[in-house]
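Engineer:
There are 2 protein chains.
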Amino acid sequence: MEDGDTIDAISHLALDIGGSLIKMVYFSTSKEQPVDKTKNNASRDSNGVSNGSKDGYLVNGRLYFIKFETSKINECLDFISSKQLHYRGVQQCGFPVSDKNIIKATGGGAFKFADLFKEKLGISLDKVDEMSSLVSGANFLLKAVPSEAFTYVNGKRNYEQIDHNDLFPYLLVNIGSGVSMIKVDGDGKFERVSGTSVGGGTFWGLGKLLTKCKSFDALLEMSHQGNNRVIDMLVGDIYGGMDYSKIGLTSTAIASSFGKAISEDKELEEYKPEDVARSLLRMISNNIGQIAYLNALRFGLKKIFFGGFFIGGHAYTMDTISVAVDFWSKGEAKAMFLRHEGFLGALGAFMNYQLVQDDSVRLVGDKNSNPLVEDLNDNGIIECCVQASS
Amino acid sequence: MEDGDTIDAISHLALDIGGSLIKMVYFSTSKEQPVDKTKNNASRDSNGVSNGSKDGYLVNGRLYFIKFETSKINECLDFISSKQLHYRGVQQCGFPVSDKNIIKATGGGAFKFADLFKEKLGISLDKVDEMSSLVSGANFLLKAVPSEAFTYVNGKRNYEQIDHNDLFPYLLVNIGSGVSMIKVDGDGKFERVSGTSVGGGTFWGLGKLLTKCKSFDALLEMSHQGNNRVIDMLVGDIYGGMDYSKIGLTSTAIASSFGKAISEDKELEEYKPEDVARSLLRMISNNIGQIAYLNALRFGLKKIFFGGFFIGGHAYTMDTISVAVDFWSKGEAKAMFLRHEGFLGALGAFMNYQLVQDDSVRLVGDKNSNPLVEDLNDNGIIECCVQASS
């Protein structure tokens, strides 16, 4: 059925099926790109598998991250089918046998598309709670991946060394189609305290209607070329070029998003789509930053981690969110971003296989030492060593 | 220069010149519609003027409320010129003489258009701080006007009797082009604690771009006919019709405003403008309700008064804001609305003439007893008795 020489040994596929995007994570011991065995102390066989661990199975390999549009779910099904991810016995990766026809899935699509997976691929989706997955994924990344978190100030990333003993509590803001805000107090200890419907789906959906731009990435790129001052009503537009300094609003602060469109006798087509996209991005980013800050304040949280595909490593988005948090908190709270931002839920579902334990997962490389690991704004890879429970 | 028999005796014009709208308030002892003298105990002459007050001058008359679009400021100038509001000596209303070429004005336009008023009408604008005006106006209305405030629950207004001794503190949310949130601790005691650029100007500006609808009122009316579920991505759309009950989100909750536009292969023109307007109104109203609640929570404020022209007495807007505050506060906080919502700033500027003192202003009628007093979604009148400082 397959060509064993060219297809990776793959196991433990996990999915996060959101309203807009499907995020996929799976583990593989690649035959084409052998793992560097010198970096792990445990003895292992030629497939990178060690059976000698007292606590279970240690396997070197890579975590793969892939995304699809939810509206094109057939592409995801075809991918699984073509890679025969669901057929690959887990033994091939050295893990104990588990039911290969069950895969972990989170997000609303785990409910919505359960029948479709059963019908097309014969796969049952084992549903993992969405919030729980996000938290597991974030905690894993923050603890296990060096330089995972960074602040974004004046156009520069400053990587943060996270002190594992001083990680909790924090506010996790996941910006998917909608936005969830979760107060995280520890592993498995969390509460969804807030959220907003003005999220990535709003940017993409409203942006598509306004600019006719078909893809999220193109829209984001387009916004980069725009100028929000063309359509936003600034404080200076109302105050005749002056600041409203008494309440700390400069003349360039946005008084009313899209407010300039009221008085101008221009139709939508007469505005540059780049400017429209920019105003929209700024409105949404700023709003999320503000609501996040207000929730952090409410619970006395100083650290706010922003994740989700909306951010996409996009400089202007991160800058707007950072400035919003800084402005509203008067410098008290700090916006931080995650290199693997889009895959928190999928990683969390993956970890629900109970194969990965925080302390036993070792990453073979990070961005600085291993060029294979890139920022996961799109698809990507983390090299790691995974331990199976015995 | 004028026909004394048909033009009212007018004094003390005050303006609130915002980014989108100009709000005007002036006092008049109308000759055409004589004031009912039986409702006031003070003796007065045939023009409704009493000079016998120990503390100053008592004048019966009416407060007039009129709005213009800021982009059509010439209409406002023409109105002032045609009514010769700036020429009318204050003596005609029985007040002491003040400089008739100076009028009180607030809002950014008091700065922006100062030269225009000087040039066209020879009027100097005496600038009154915007936040201070909003607070003065709100405090006046809440103390002096019976049944000014109401909650909006299940499509019904419930008028609230405000206990003057239990009014403060409260959160004043003024939704103009942008939104200001002000913590009010007393007369003249306040702090602007928050705000958002997603306000009435966003609804109007973005709505105009999306629907080609030219006027704010028409857009509001249009939204009344729409269905937001056509474009918004609901929780049920993601979860296959199910609730995400674990975190208290029903299947009909909006997960992502405008999110359904992502996956549908439809252009803007293929959506009904009514549906677009409805989604936009709901997004903005809900967002303002949420940010207001978070700020009320932060300062332990139980009462939130919403003002500004955005609301416009529109049922769906008030319903969305009320539900948002109720949902996020779990019933702890209460959204209240003001019958004269749009004129807070203008009234505040008017009161800056130092002619009106809260305790000395008596209203001759309210909505229940006097059909002349209508809700001021548009222009309107309050009959009242004004006391000039001696």
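Just so you know, the protein sequences line up as chains A and B, in that order. The opening position of the first sequence corresponds to residue 1 in the working numbering, with each subsequent residue numbered one higher. The opening position of the second sequence corresponds to residue 391 in the working numbering, with each subsequent residue numbered one higher. C-beta atoms are modelled at their ideal positions from N, C-alpha and C, and glycine is treated no differently.
With H, G and I counted as helix, E and B as strand and the rest as coil, what does DSSP make of G199 of chain A?
Structural biologist: Three-state result, G199 of chain A: coil.
Engineer: Does L172 of chain A come out as helix, strand or coil in the three-state DSSP assignment?
Structural biologist: In the structure shown, L172 of chain A sits in a strand (DSSP, three-state: E or B).
Engineer: Whose C-beta lies closer than 7 Å to the C-beta of S185 of chain A among residues of the same chain, with five residues either side of it excluded?
Structural biologist: The question names Ser, yet the displayed sequence has Asp at residue 185 of chain A. F168, P169, listed in sequence order.
Engineer: Which residue comes first and which comes last in the alpha helix (DSSP H) that contains L532 of chain B?
Structural biologist: 520-534
Engineer: Three Cβ pairs or more, each shorter than 8 Å: is that satisfied between the segment 659-667 of chain B and the segment 611-619 of chain B?
Structural biologist: yes
Engineer: Within 10 angstroms of the Cβ of A404 of chain B, are there 16 or more other Cβ atoms? Answer buried if so, exposed if not.
Structural biologist: Buried is the call here.
Engineer: Just tell me which of A:M351, A:F343, A:D237, A:L280 has its CA closest to the CA of V198 of chain A.
Structural biologist: A:L280
Engineer: How about R298 of chain A and L609 of chain B: are their beta carbons less than 8 Å apart?
Structural biologist: For the pair R298 of chain A and L609 of chain B, the CB atoms are not nearer than the 8 Å cut-off.
Engineer: Note down the Cα distance separating I103 of chain A from I628 of chain B, rounded to an integer number of angstroms.
Structural biologist: So the two alpha carbons sit approximately 19 Å from each other.
Engineer: Determine the direct distance from the alpha carbon of N676 of chain B to that of E269 of chain A, and round the result to whole angstroms.
Structural biologist: When rounded, the distance between both Cα atoms is 29 Å.
Engineer: If we ignore side chains and look at the alpha-carbon of each, how far apart do G631 of chain B and L116 of chain A end up?
Structural biologist: 15 Å
Engineer: Specify the secondary structure class of Y159 of chain A as computed by DSSP and reduced to three states.
Structural biologist: strand
Engineer: Residue range of the beta strand (DSSP E) that S410 of chain B falls in?
Structural biologist: Where S410 of chain B is concerned, there is no enclosing beta strand (DSSP E), because DSSP gives it neither an H nor an E.
Engineer: Could one say the Cβ of Y247 of chain A lies closer than 8 Å to chain B's Cβ atoms, at least one of them?
Structural biologist: Checking the sequence, you will find Ile at residue 247 of chain A rather than Tyr. Among the residues facing chain B, I247 of chain A is included, as its CB has a counterpart in that chain under 8 Å away.
Engineer: Just the C-alpha distance for L294 of chain A and K598 of chain B, rounded to the nearest angstrom, thanks.
Structural biologist: Cα atoms of L294 of chain A and K598 of chain B: separation of roughly 31 Å, rounded to the nearest angstrom.
Engineer: Please report whether the beta-carbon of M623 of chain B lies at a distance below 8 Å from any beta-carbon of chain A.
Structural biologist: yes
Engineer: Using the Cα positions of F203 of chain A and S537 of chain B, report the straight-line distance between them to the nearest angstrom.
Structural biologist: 41 Å
Engineer: How is A539 of chain B classed by DSSP in three states: helix, strand or coil?
Structural biologist: strand
Engineer: Quick one: list the residues of chain A neighbouring M673 of chain B, beta-carbon separation under 8 Å, in chain order.
Structural biologist: S197, V198, T202
Engineer: Less than 8 Å between the beta carbons of I175 of chain A and I311 of chain A, yes or no?
Structural biologist: Taking the C-beta atoms as reference points, I311 of chain A is found nearer than 8 Å to I175 of chain A.
Engineer: Sort B:G690, B:L691, B:L531, B:G697 by Cα distance to I678 of chain B and report the nearest one.
Structural biologist: Here the closest residue by C-alpha is B:G697.
Engineer: Compare the Cα-Cα distances from A255 of chain A to each of A:S215, A:M233, A:E264, A:K212 and report the closest residue.
Structural biologist: Shortest Cα-Cα distance from A255 of chain A to any of A:S215, A:M233, A:E264, A:K212 involves A:M233.
Engineer: Provide the residue(s) that pair with N685 of chain B in DSSP beta bridges, ordered along the chain.
Structural biologist: Partner(s): none; N685 of chain B has no beta bridge.
Engineer: Compute the beta-carbon to beta-carbon distance between G348 of chain A and T106 of chain A, rounded to the nearest angstrom, for a pair I have assumed lies under 8 Å.
Structural biologist: The C-beta distance from G348 of chain A to T106 of chain A rounds to 7 Å, short enough to meet the 8 Å contact threshold.
Engineer: Please state whether DSSP places N60 of chain A in a helix, a strand or coil.
Structural biologist: strand
Engineer: Rounded to whole angstroms, what is the Cα-Cα separation between F530 of chain B and K260 of chain A?
Structural biologist: Cα atoms of F530 of chain B and K260 of chain A: separation of roughly 32 Å, rounded to the nearest angstrom.
Engineer: If you run the structure through DSSP and keep just helix, strand and coil, what is L301 of chain A?
Structural biologist: coil
Engineer: Can you find a C-beta in chain B that's less than 8 Å from the C-beta of F258 of chain A?
Structural biologist: yes
Engineer: Are the beta-carbon atoms of A567 of chain B and R582 of chain B separated by less than 8 Å?
Structural biologist: It is Ser, not Ala, that sits at residue 567 of chain B in the sequence shown. No, the pair does not count as a contact, with Cβ atoms beyond the cut-off.
Engineer: Within its chain, find whatever has a CB closer than 7 Å to the CB of H224 of chain A; leave out the 5 residues flanking it on each side and keep chain order.
Structural biologist: Y316
Engineer: Run through DSSP, which three-state label would I381 of chain A get?
Structural biologist: strand
Engineer: Can you list, in chain order, the residues of its chain with a C-beta nearer than 6 Å to that of Y159 of chain A? Leave out the 5 residues immediately preceding and following it.
Structural biologist: Cβ neighbours of Y159 of chain A within its own chain (closer than 6 Å, five residues either side excluded): S147, F150.
Engineer: So, is the C-beta of N331 of chain B closer than 8 Å to a C-beta in chain A?
Structural biologist: Outside the displayed span of chain B (391 to 780) sits residue 331 of chain B, for which this structure offers no information.
Engineer: Since M612 of chain B meets chain A, which of its residues come closer than 7 Å, beta carbon to beta carbon?
Structural biologist: Result: empty, since nearest Cβ-Cβ is about 16 Å, beyond 7 Å.
Engineer: Less than 8 Å between CB atoms is the rule here; does K602 of chain B satisfy it with respect to chain A?
Structural biologist: Answer yes: the Cβ-Cβ gap between K602 of chain B and chain A drops below 8 Å somewhere.
Engineer: Using a C-beta to C-beta distance shorter than 8 Å, which residues of chain A count as neighbours of F501 of chain B?
Structural biologist: The contacting residues are Y239, G240, M242.
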